[in-house]
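Below is one structure, written out as structure tokens; the observations come after it.
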Amino acid sequence: MIDIAIERMDILFNRAEMEFITHPERSHRYVELALKLSTKYNTKVPEKWKRRYCKKCKSFLSPGRNCTVRLVNSEVNIFCGECGHAMKIPYRKEQKNKRRAKYESIKKRNDE
Ligand SMILES: [Zn+2]
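Taking our numbering, I'd label the letters of the sequence shown as residues 5 to 116.
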């Protein structure tokens, strides 16, 4: 049952993306339905679509159309154009991992 819910959420988000240009209000409704599914079956929103809706007003976000994405202070800032809400997702951990991987590869090369 959970698999079906995840599949349906994916379908709804895909549909929302398709309909966004012609009927933005429909895509907001699809996001609402998908989030209802995630609450009902206690599942997470698919990784792919996590940044594509506003956490506050639940509207579908399309970068360049109704939201802006900026990198500020090691954070991804997503500003919703519908309500002005800003979502901040830090990427410091990824930076650290990248730096560590680079350091380790240099160390390995020196050891050989
Ligand atoms: Zn919003």
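Every residue, glycine too, gets a C-beta built ideally from N, C-alpha and C. Given the structure is predicted, the values throughout are model-derived calculations rather than measurements.
Does the structure place the region 5 to 21 close enough to the region 37 to 47 that three or more beta carbon pairs sit under 8 Å? yes
Does ligand 1 have a heavy atom nearer than 6 Å to the CB of K112? no
Helix, strand or coil at K97 [DSSP, three-state]: helix
DSSP on K112, reduced to helix/strand/coil? helix
Going by DSSP, what residue range makes up the alpha helix (DSSP H) through F83? Run containing F83: none in the alpha helix (DSSP H); it sits in the beta strand (DSSP E), E79 to C84.
For ligand 1, enumerate in chain order all residues having a CB closer than 5 Å to any of its heavy atoms. With the cut-off at 5 Å, the residues found are C58, K60, C61, C84, E86, C87 and H89.
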